[in-house]
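A.B. asks: Take a look at the following structure, please.
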Amino acid sequence: MPPLKTDNLSGKEYWRSLNDLADTPEFREFVDREFTNNASEFLNSNRRRFLKIMGASFALAGLAGCRWPMETLAPYAHRPANRDPGTPVQYTTAMELGGVAQGMLVTSVDGRPIKVDGNPKHVLNRGGSDAYGQASVLNVYDPDRSRSVMQRDAQGKAADSNWATFEAFWKEQLAGFKKTGGKGLAVLSSNSASPSLADMRKRMAHALPASQWFEYDSISDDAGREGLRMVFAQPGRAVPDLSAAQVIVSFDQDFFVGDPLAVKFARDFAKGRQLTNPENGQSATSMNRLYVVESTFTMTGSMAENARHRIPVPAKDVPAVACLLAAELKKQGLVLGVEIPTPGNVNIGTGDKTLEVMAADLLANKGRCVLVAGANQPPELHGLIAGINDALGNTGRTVTYYPVMNPDRPTHLASIEALAAAIRKKEI
Numbered sequence: 048m049p050p051l052k053t054d055n056l057s058g059k060e061y062w063r064s065l066n067d068l069a070d071t072p073e074f075r076e077f078v079d080r081e082f083t084n085n086a087s088e089f090l091n092s093n094r095r096r097f098l099k100i101m102g103a104s105f106a107l108a109g110l111a112g113c114r115w116p117m118e119t120l121a122p123y124a125h126r127p128a129n130r131d132p133g134t135p136v137q138y139t140t141a142m143e144l145g146g147v148a149q150g151m152l153v154t155s156v157d158g159r160p161i162k163v164d165g166n167p168k169h170v171l172n173r174g175g176s177d178a179y180g181q182a183s184v185l186n187v188y189d190p191d192r193s194r195s196v197m198q199r200d201a202q203g204k205a206a207d208s209n210w211a212t213f214e215a216f217w218k219e220q221l222a223g224f225k226k227t228g229g230k231g232l233a234v235l236s237s238n239s240a241s242p243s244l245a246d247m248r249k250r251m252a253h254a255l256p257a258s259q260w261f262e263y264d265s266i267s268d269d270a271g272r273e274g275l276r277m278v279f280a281q282p283g284r285a286v287p288d289l290s291a292a293q294v295i296v297s298f299d300q301d302f303f304v305g306d307p308l309a310v311k312f313a314r315d316f317a318k319g320r321q322l323t324n325p326e327n328g329q330s331a332t333s334m335n336r337l338y339v340v341e342s343t344f345t346m347t348g349s350m351a352e353n354a355r356h357r358i359p360v361p362a363k364d365v366p367a368v369a370c371l372l373a374a375e376l377k378k379q380g381l382v383l384g385v386e387i388p389t390p391g392n393v394n395i396g397t398g399d400k401t402l403e404v405m406a407a408d409l410l411a412n413k414g415r416c417v418l419v420a421g422a423n424q425p426p427e428l429h430g431l432i433a434g435i436n437d438a439l440g441n442t443g444r445t446v447t448y449y450p451v452m453n454p455d456r457p458t459h460l461a462s463i464e465a466l467a468a469a470i471r472k473k474e475i
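Oh and the sequence shown: position 8 is 55 in my numbering, straight run, nothing missing.
Here it is in structure tokens:
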């Protein structure tokens with residue numbers, strides 16, 4: 048700022064620095080370089096005039112920096128019937144996660160989706176949505192998303208193409224695959240419960256019997272599928288009904304976060320936590336109780352009533368705690384139809400009576416309790432949990448087992464390993 052020589056109110060002189068006090072020619076040259084426009088006027092001006100000029104400069108600079116960017120608006124060339132520009136329109140659709148489809152309601156403005164919510168009429172989410180559903184709309188505006196069909200040349204460089212080019216390419220490839228029955232052709236897809244996709248897969252296998260279909264999903268229920276196969280001789284998906292359960296025991300499953308049915312589980316659990324519910328006659332003494340055995344602190348673990356209801360153990364020791372609980376249930380009179388593996392040494396850290404109390408609580412609520420296991424736990428644990436639920440009379444009441452698409456498929460891990468091996472051998 049320019050030097051202030053005299054305060055008009057007090058008559059005292061002030062300086063910004065020793066150079067300002069000395070008022071050397073070098074300092075005046077520096078001020079001229081710093082404030083090239085009317086610098087000499089600034090030096091001889093009072094503070095009020097200086098602030099006026101500086102305020103006007105800042106205002107002009109602000110106006111110059113707040114210009115609206117130039118945009119080109121493209122109106123409808125042929126506006127759809129019963130459509131007003133700028134009016135939000137909602138569409139019903141479905142979103143699949145880990146082989147579980149849920150109804151969604153998408154809000155769109157002028158053909159652009161802006162918000163994704165749960166469909167209030169869908170039986171699973173009833174209008175609720177999780178983080179995956181809320182974030183799915185960002186896929187439409189992903190800057191890395193291809194804007195057109197892409198084709199790679201022999202050097203692997205990608206370039207824009209079109210559907211006509213792909214159709215011509217595929218017809219040529221298909222003619223060769225028909226001669227070999229589809230040998231060398233592979234399809235990689237995610238886990239899906241879509242009947243339409245299952246029918247497409249069946250028709251492809253009929254037309255090209257030598258082709259291969261590989262399935263992989265990062266959110267996999269393979270451990271649960273294989274665990275149910277051990278007990279019931281066929282795979283399935285276990286879906287607990289937390290609203291009907293008086294006692295819930297979770298073995299390393301965070302059913303509030305990350306699970307494909309997290310929205311349903313959260314609503315059902317909250318229903319069982321209501322103090323009073325005129326619909327089913329619940330009272331304050333009938334609130335559900337939650338026991339959690341987990342390796343990391345989760346949202347589900349935070350809902351346990353007290354420290355004794357949450358047992359923190361390493362992930363590898365979770366099956367051992369389940370075996371100890373099964374042994375305690377058998378000791379208290381429960382007849383199990385599955386064999387209990389021998390548990391290793393594990394310290395649950397909450398006292399010797401914890402499992403006794405848990406087992407007694409489960410036996411006192413037969414048919415009104417449920418045990419669940421996390422997807423990262425081995426199939427043997429899932430099988431043991433299914434056996435305990437069945438012995439407690441929970442099957443069909445607090446837990447239901449649903450059939451799965453393509454029950455004879457290999458696990459996702461085995462599938463992706465087989466595909467990688469075939470690619471390395473240049474069989475695909």
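Backbone N, C-alpha and C define an ideal beta-carbon position, used for all residues, glycine too.
Can you name the residues that DSSP bridges to residue 461?
C.D. replies: Paired residues: none, contrary to the question.
A.B. asks: Could you say which of 205, 146, 417 lies nearest to residue 316 if we only look at CA atoms?
C.D. replies: Ranking 205, 146, 417 by Cα distance to residue 316 puts 417 first.
A.B. asks: Using only CA atoms, which one of 161, 96, 356 lies nearest to residue 136?
C.D. replies: Checking every option, the nearest Cα to that of residue 136 belongs to 161.
A.B. asks: Let me check understanding here. Comparing Cα to Cα, which of 173, 157, 314 lies closest to residue 125?
C.D. replies: Comparing Cα-Cα distances from residue 125 to each of 173, 157, 314, the minimum goes to 157.
A.B. asks: Going by alpha carbons, who is nearest to residue 400 out of 203, 356, 75?
C.D. replies: Of the listed residues, the one whose Cα sits closest to residue 400 is 356.
A.B. asks: Pull up the distance between the alpha-carbon of residue 402 and that of residue 442, whole angstroms please.
C.D. replies: Whole-angstrom Cα-Cα distance: 22 Å.
A.B. asks: Note down the Cα distance separating residue 293 from residue 127, rounded to an integer number of angstroms.
C.D. replies: Residue 293 and residue 127: Cα-Cα distance of roughly 53 Å.
A.B. asks: In this structure, does DSSP put residue 475 in helix, strand or coil?
C.D. replies: Coil at residue 475, not helix or strand.
A.B. asks: Note down, one range per segment and in chain order, each beta strand (DSSP E) of at least 3 residues found wholly within the stretch 259–299.
C.D. replies: Correct list: 259–262, 284–287, 294–298.
A.B. asks: Relative to the C-alpha of residue 343, which candidate in 305, 299, 334 has its C-alpha closest?
C.D. replies: Cα-wise, what sits closest to residue 343 is 299.
A.B. asks: Tell me, please, which residues DSSP counts as bridged to residue 359.
C.D. replies: Residue 359 is bridged to 341.
A.B. asks: Which first and last residues belong to the beta strand (DSSP E) in which residue 234 is found?
C.D. replies: Counting along the chain, the beta strand (DSSP E) containing residue 234 begins and ends at 233–236.
A.B. asks: With 16 as the cutoff for other CB atoms within 10 Å, does residue 212 come out buried or exposed?
C.D. replies: Exposed, because fewer than 16 other Cβ atoms sit within 10 Å of the Cβ of residue 212.
A.B. asks: From residue 306 to residue 271, what does the alpha carbon distance come to, in whole angstroms?
C.D. replies: Between residue 306 and residue 271, the C-alpha separation is close to 13 Å.
A.B. asks: Check whether the Cβ atoms of residue 449 and residue 405 lie closer than 9 Å to each other.
C.D. replies: Their beta carbons are not under 9 Å apart, which means residue 449 does not touch residue 405 by this criterion.
A.B. asks: In whole angstroms, what separates the C-alpha of residue 412 from that of residue 314?
C.D. replies: For residue 412 and residue 314, the distance between alpha carbons rounds to 21 Å.
A.B. asks: Count the other CB atoms, across all protein chains shown, that sit within 10 Å of the CB of residue 419; report buried if there are 16 or more and exposed otherwise.
C.D. replies: Counting Cβ neighbours within 10 Å, residue 419 comes out buried, since at least 16 surround it.
A.B. asks: Going by C-alpha distance, which of 264, 346, 347, 451 is nearest residue 242?
C.D. replies: Comparing Cα-Cα distances from residue 242 to each of 264, 346, 347, 451, the minimum goes to 451.
A.B. asks: Comparing C-alpha positions only, which one of 288, 361, 310 sits nearest to residue 181?
C.D. replies: Nearest of 288, 361, 310 to residue 181, Cα basis: 310.
A.B. asks: Assuming residue 446 contacts residue 301 (C-beta within less than 8 Å), just tell me the rounded distance between them.
C.D. replies: Wrong, their Cβ atoms sit about 18 Å apart, outside the cutoff.
A.B. asks: Hey, how far is the Cα of residue 376 from the Cα of residue 440?
C.D. replies: One C-alpha to the other measures close to 14 Å.
A.B. asks: Please report the straight-line C-alpha distance between residue 185 and residue 99, rounded to a whole angstrom.
C.D. replies: Cα-Cα distance, rounded: 47 Å.
A.B. asks: Taking all protein chains shown into account, do 16 or more other C-beta atoms lie within 10 angstroms of the C-beta of residue 366, making it buried, or fewer, making it exposed?
C.D. replies: Buried: at least 16 other Cβ atoms inside 10 Å.
A.B. asks: Where do the ends of the beta strand (DSSP E) carrying residue 559 lie?
C.D. replies: Beyond the ends of the chain as shown, which are 48 and 475, falls residue 559; an answer cannot be given.
A.B. asks: Per the DSSP calculation, residue 64 is bridged to which residue(s)?
C.D. replies: Note: residue 64 sits in no beta bridge, so no partner.
A.B. asks: Following the continuous beta strand (DSSP E) through residue 197, name the residue where it begins and the one where it ends.
C.D. replies: Run containing residue 197: 197–199, per the beta strand (DSSP E) assignment.
A.B. asks: Quick one: complete beta strand (DSSP E) runs, 3+ long, within the stretch 393–457?
C.D. replies: As far as the stretch 393–457 is concerned, its whole beta strand (DSSP E) runs of at least 3 residues are 416–420, 446–449.
A.B. asks: Name the two residues that bound the continuous beta strand (DSSP E) containing residue 149.
C.D. replies: Element bounds for residue 149: 147–156.
A.B. asks: Over what stretch of residues does the alpha helix (DSSP H) that includes residue 182 continue unbroken?
C.D. replies: That run of the alpha helix (DSSP H) goes 178–182.
A.B. asks: Residue 444 to residue 223, Cα distance in whole Å?
C.D. replies: Computed Cα separation, rounded: 54 Å.
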